[in-house]
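What follows is one structure encoded as structure tokens, with my remarks underneath.
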Amino acid sequence: MIEVDWETDRRAGVTFVTAVLTNTRTTRQTVRLESRLDGPTWPPRRDGVTEPEWDGDVWEGIVEPGRCRGVGFAGLAPPTEPPLEILEVSRASDDNTTPSDDVLAALDGWAPTADVLTPEP
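Going letter by letter, the sequence shown gives residues 1189 to 1309 in our numbering.
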């Protein structure tokens, strides 16, 4: 289960939303959230580049088992309750892991054939 605690803060016509996601399960969870603010979402940026977990007003990221993860964004719209909605929670796939050294060591060696290495006249 993913628990969400959130807060909003309205300053100078901008609504700031902060949330903490807590994964109470024993497996990694992929979480999709959506801003409920009525208007464009301003996701965080680093060096002018939007954080890669954001796509428009939807955030998707992984929360490790028994861990918390912070999420934040802003927008011009007044605060709503709740300011974000969980769209989907699913067990995270391990497909994006890199192979271990043991797996790589077990692979057969490969070399190009001699005709590939022979220079053309």
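Glycine included, every Cβ here is placed at the ideal spot set by N, Cα and C.
All of these numbers come straight from a predicted model, not from anything done at the bench.
Next on the checklist: Only counting the same chain, and skipping five residues up and downstream in sequence, which positions put a Cβ closer than 8 Å to that of R1198?
Outcome noted: F1204, P1266 and P1267
Checklist entry - Exposed or buried, A1200, counting other C-beta atoms within 10 Å across all chains shown (16 or more means buried)? => result exposed
Checklist entry - Got a sec, what are the start and stop residues for the beta strand (DSSP E) W1247 sits in? => result V1246 to V1251
Checklist entry - Is the beta carbon of T1238 less than 7 Å from the beta carbon of P1231? => result yes
Item to check | Which residues DSSP lists as bridging R1257, in chain order | outcome: L1209
Next on the checklist: For T1218 and V1251, what's the separation of their Cα atoms in angstroms?
Outcome noted: 6 Å
Next on the checklist: Please return the same chain residues whose Cβ sits closer than 6 Å to the Cβ of D1235, not counting the five positions on each side in sequence.
Outcome noted: none
Item to check | Endpoints, the beta strand (DSSP E) within which T1218 is located | outcome: Q1217 to S1223
Item to check | R1216 versus L1275: straight-line alpha-carbon distance, rounded | outcome: 17 Å
Checklist entry - When we look at the beta-carbon of L1272 and count the other beta-carbons within 10 Å, is it buried (16 or more) or exposed? => result buried
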